[in-house]
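Colleague:
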Amino acid sequence: MAMGIDLVGSSKSKRTKRTTPKSNDIYLKLLVKLKFNAVILKRLFMSKVNRLPLSLSHLVCFIDGKESKIVVVIGTITDDLQVYEVLYLKVIALRFTERAKTRIEKANGECLTFDQLALRSPLGQNTVLLKGPKNAHEAVKHFGKAPSGRKFERTRERRNNKGFRV
(Lines of atoms letter the chains of each structure in order from A; the text may use other names.)
(Lines give C-alpha, C1' and ligand atoms only; values in the text may rest on other atoms or scores of the structure.)
Protein backbone atom coordinates (compact mmCIF):
# COMPACT_ATOMS: atom_id res chain seq x y z
CA MET A 1 0.00 0.00 0.00
CA ALA A 2 1.52 3.30 -1.12
CA MET A 3 1.37 6.27 1.18
CA GLY A 4 0.58 9.69 -0.21
CA ILE A 5 1.26 13.23 0.87
CA ASP A 6 -1.70 14.95 2.50
CA LEU A 7 -2.02 18.27 0.66
CA VAL A 8 -4.13 20.60 2.76
CA GLY A 9 -6.24 23.03 0.79
CA SER A 10 -4.80 21.93 -2.54
CA SER A 11 -8.12 22.48 -4.27
CA LYS A 12 -8.03 26.14 -3.24
CA SER A 13 -4.44 26.74 -4.32
CA LYS A 14 -5.03 25.87 -7.98
CA ARG A 15 -5.24 29.05 -10.01
CA THR A 16 -6.30 28.83 -13.61
CA LYS A 17 -6.08 31.54 -16.21
CA ARG A 18 -6.65 31.70 -19.93
CA THR A 19 -3.73 31.03 -22.21
CA THR A 20 -5.64 31.42 -25.47
CA PRO A 21 -8.70 33.49 -26.41
CA LYS A 22 -12.07 31.69 -26.52
CA SER A 23 -13.06 33.60 -29.65
CA ASN A 24 -12.72 32.08 -33.11
CA ASP A 25 -11.78 35.49 -34.54
CA ILE A 26 -8.76 34.98 -36.83
CA TYR A 27 -7.54 38.56 -36.31
CA LEU A 28 -7.51 38.07 -32.53
CA LYS A 29 -5.66 34.76 -32.80
CA LEU A 30 -2.98 36.43 -34.94
CA LEU A 31 -2.66 39.27 -32.42
CA VAL A 32 -2.01 36.80 -29.62
CA LYS A 33 0.94 35.40 -31.55
CA LEU A 34 2.66 38.82 -31.55
CA LYS A 35 3.24 38.73 -27.74
CA PHE A 36 4.65 42.27 -27.60
CA ASN A 37 3.23 43.24 -24.22
CA ALA A 38 2.22 40.91 -21.38
CA VAL A 39 -0.56 43.16 -19.99
CA ILE A 40 -2.17 43.64 -23.40
CA LEU A 41 -1.84 39.91 -24.07
CA LYS A 42 -3.63 39.11 -20.80
CA ARG A 43 -6.48 41.46 -21.70
CA LEU A 44 -6.80 39.98 -25.19
CA PHE A 45 -7.56 36.62 -23.53
CA MET A 46 -10.40 38.14 -21.49
CA SER A 47 -14.08 37.41 -22.07
CA LYS A 48 -16.36 39.93 -23.75
CA VAL A 49 -17.85 40.96 -20.38
CA ASN A 50 -14.38 42.03 -19.24
CA ARG A 51 -13.63 43.88 -22.50
CA LEU A 52 -16.27 46.56 -22.05
CA PRO A 53 -16.63 49.45 -24.51
CA LEU A 54 -15.18 52.88 -23.77
CA SER A 55 -16.99 56.02 -24.89
CA LEU A 56 -15.32 59.11 -26.35
CA SER A 57 -16.33 61.14 -23.28
CA HIS A 58 -14.49 58.75 -20.95
CA LEU A 59 -11.55 58.71 -23.34
CA VAL A 60 -11.26 62.52 -23.39
CA CYS A 61 -11.61 62.62 -19.59
CA PHE A 62 -8.84 60.06 -18.98
CA ILE A 63 -6.42 61.48 -21.56
CA ASP A 64 -6.48 65.02 -20.13
CA GLY A 65 -2.83 66.12 -19.92
CA LYS A 66 -1.51 63.06 -21.79
CA GLU A 67 -2.33 64.09 -25.37
CA SER A 68 1.10 63.07 -26.72
CA LYS A 69 0.67 59.44 -25.64
CA ILE A 70 -0.97 56.61 -27.58
CA VAL A 71 -4.25 55.39 -26.04
CA VAL A 72 -4.66 51.61 -26.01
CA VAL A 73 -8.12 50.11 -25.41
CA ILE A 74 -8.73 46.38 -25.56
CA GLY A 75 -12.38 46.68 -26.56
CA THR A 76 -14.63 48.96 -28.60
CA ILE A 77 -14.51 52.75 -28.82
CA THR A 78 -18.04 54.16 -29.05
CA ASP A 79 -19.27 57.63 -29.95
CA ASP A 80 -20.68 59.94 -27.29
CA LEU A 81 -22.75 63.01 -28.13
CA GLN A 82 -21.87 64.64 -24.78
CA VAL A 83 -18.45 65.52 -26.21
CA TYR A 84 -18.68 68.40 -28.67
CA GLU A 85 -15.01 68.66 -29.61
CA VAL A 86 -12.78 65.63 -29.90
CA LEU A 87 -9.09 66.30 -29.30
CA TYR A 88 -6.23 65.05 -31.47
CA LEU A 89 -5.88 61.44 -30.33
CA LYS A 90 -3.90 58.40 -31.36
CA VAL A 91 -6.18 55.52 -30.38
CA ILE A 92 -5.61 51.79 -30.71
CA ALA A 93 -8.60 49.49 -30.16
CA LEU A 94 -10.05 46.17 -31.27
CA ARG A 95 -13.07 47.93 -32.81
CA PHE A 96 -14.37 51.44 -33.49
CA THR A 97 -17.97 52.37 -34.18
CA GLU A 98 -18.36 54.25 -37.47
CA ARG A 99 -19.28 57.58 -35.87
CA ALA A 100 -16.48 57.36 -33.31
CA LYS A 101 -13.93 56.65 -36.05
CA THR A 102 -15.10 59.54 -38.23
CA ARG A 103 -15.06 61.97 -35.28
CA ILE A 104 -11.51 60.98 -34.27
CA GLU A 105 -10.25 61.22 -37.86
CA LYS A 106 -12.04 64.57 -38.37
CA ALA A 107 -9.94 65.96 -35.50
CA ASN A 108 -6.79 64.77 -37.38
CA GLY A 109 -6.48 61.86 -34.95
CA GLU A 110 -5.50 58.31 -35.78
CA CYS A 111 -7.46 55.09 -35.34
CA LEU A 112 -4.91 52.29 -35.35
CA THR A 113 -4.86 48.52 -34.92
CA PHE A 114 -2.77 46.40 -32.56
CA ASP A 115 -0.40 45.17 -35.26
CA GLN A 116 0.41 48.83 -36.01
CA LEU A 117 1.08 49.34 -32.28
CA ALA A 118 3.49 46.40 -32.31
CA LEU A 119 5.44 48.14 -35.09
CA ARG A 120 5.34 51.63 -33.50
CA SER A 121 6.23 50.72 -29.93
CA PRO A 122 7.06 47.04 -29.48
CA LEU A 123 7.63 47.37 -25.72
CA GLY A 124 4.57 49.55 -25.18
CA GLN A 125 6.43 52.77 -24.34
CA ASN A 126 4.56 56.07 -24.46
CA THR A 127 1.16 54.38 -24.23
CA VAL A 128 -1.80 54.68 -21.86
CA LEU A 129 -3.77 51.49 -21.28
CA LEU A 130 -7.48 52.10 -20.59
CA LYS A 131 -10.56 49.93 -20.20
CA GLY A 132 -14.28 50.57 -20.02
CA PRO A 133 -16.25 50.86 -16.77
CA LYS A 134 -16.48 47.33 -15.32
CA ASN A 135 -19.89 47.69 -13.67
CA ALA A 136 -21.61 49.62 -16.44
CA HIS A 137 -23.41 46.76 -18.17
CA GLU A 138 -27.03 46.02 -17.32
CA ALA A 139 -26.48 42.59 -15.74
CA VAL A 140 -24.53 44.08 -12.80
CA LYS A 141 -27.76 45.68 -11.61
CA HIS A 142 -29.07 42.22 -10.65
CA PHE A 143 -25.95 41.08 -8.75
CA GLY A 144 -25.66 41.04 -4.98
CA LYS A 145 -27.78 40.07 -2.02
CA ALA A 146 -31.48 39.38 -2.48
CA PRO A 147 -33.88 41.93 -0.99
CA SER A 148 -34.86 41.19 2.60
CA GLY A 149 -36.55 42.94 5.46
CA ARG A 150 -40.03 43.78 6.67
CA LYS A 151 -41.87 44.25 3.37
CA PHE A 152 -40.56 41.19 1.53
CA GLU A 153 -42.67 38.03 1.86
CA ARG A 154 -40.82 34.73 1.87
CA THR A 155 -43.30 31.91 2.43
CA ARG A 156 -46.38 33.11 0.57
CA GLU A 157 -47.23 35.74 -2.01
CA ARG A 158 -48.49 39.15 -0.99
CA ARG A 159 -52.30 39.54 -1.02
CA ASN A 160 -54.86 41.97 0.36
CA ASN A 161 -56.41 39.66 2.96
CA LYS A 162 -54.59 37.44 5.51
CA GLY A 163 -53.18 40.36 7.46
CA PHE A 164 -50.42 41.82 5.28
CA ARG A 165 -49.71 45.18 6.88
CA VAL A 166 -47.13 47.72 5.79
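Counting from 1, one number per residue, gives the positions in the sequence shown under full-length UniProt numbering.
The beta carbon of each residue, even a glycine, is placed where N, CA and C say it ideally should be.
Using a 10 Å radius around the Cβ and a threshold of 16 neighbouring Cβ atoms, would you call N24 buried or exposed?
Modeller: Exposed is the call here.
Colleague: Could you have a look at V60 and say whether DSSP puts it in helix, strand or coil?
Modeller: Helix.
Colleague: Note down the Cα distance separating I63 from L28, rounded to an integer number of angstroms.
Modeller: Approximately 26 angstroms, taken between the alpha carbons.
Colleague: Is it the case that the Cβ atoms of T76 and L54 are separated by a distance below 9 angstroms?
Modeller: In contact: T76 and L54 (Cβ atoms closer than 9 angstroms).
Colleague: How far does the beta strand (DSSP E) with K90 in it reach, from first residue to last?
Modeller: 90-96 is the extent of the beta strand (DSSP E) around K90.
Colleague: Which first and last residues belong to the alpha helix (DSSP H) in which V39 is found?
Modeller: Taken as a continuous stretch (DSSP letters only), the alpha helix (DSSP H) holding V39 covers 38-44.
Colleague: Looking at L34: is its Cβ nearer than 9 angstroms to the Cβ of A118?
Modeller: Cβ atoms of L34 and A118: closer than 9 angstroms.
Colleague: Closest by CA to residue 182, which one among L31, A38, V32, V49?
Modeller: Residue 182 lies beyond the stretch modelled for the chain, which goes from 1 to 166, so this question has no answer here.
Colleague: Mark R127 as exposed unless 16 or more other C-beta atoms lie within 10 angstroms of its C-beta, in which case mark it buried.
Modeller: Rather than Arg, the amino acid found at residue 127 in this sequence is Thr. Label assigned to T127: buried.
Colleague: Am I right that D79 and R99 are in contact with their C-beta atoms under 8 angstroms? What's the rounded C-beta distance?
Modeller: With 8 angstroms as the limit, D79 and R99 qualify as a contact, their Cβ atoms being about 4 angstroms apart.
Colleague: Sorted by chain position, which residues of the same chain lie with C-beta nearer than 6 angstroms to N37's C-beta, five sequence neighbours on each side aside?
Modeller: The residues are G124.
Colleague: Between N135 and V83, what straight-line distance do the alpha-carbon atoms span, to the nearest angstrom?
Modeller: Cα to Cα, N135 sits roughly 22 angstroms from V83.
Colleague: I believe I104 touches L89 by the beta-carbon criterion, under 8 angstroms. Please report the beta-carbon distance rounded to the nearest angstrom.
Modeller: Contact holds; Cβ gap of about 6 angstroms.
Colleague: In this structure, how does DSSP classify E85 when only helix, strand and coil are distinguished?
Modeller: Note: E85 maps to coil in three-state DSSP.
Colleague: Could you spell out the range, first to last residue, of the alpha helix (DSSP H) harbouring L123?
Modeller: No alpha helix (DSSP H) contains L123, which DSSP labels as neither H nor E.
Colleague: Among all the DSSP beta bridges, which residues are the ones paired with T110?
Modeller: The displayed chain sequence assigns Glu, not Thr, to residue 110. Looking at the DSSP assignment, E110 forms a beta bridge with K90.
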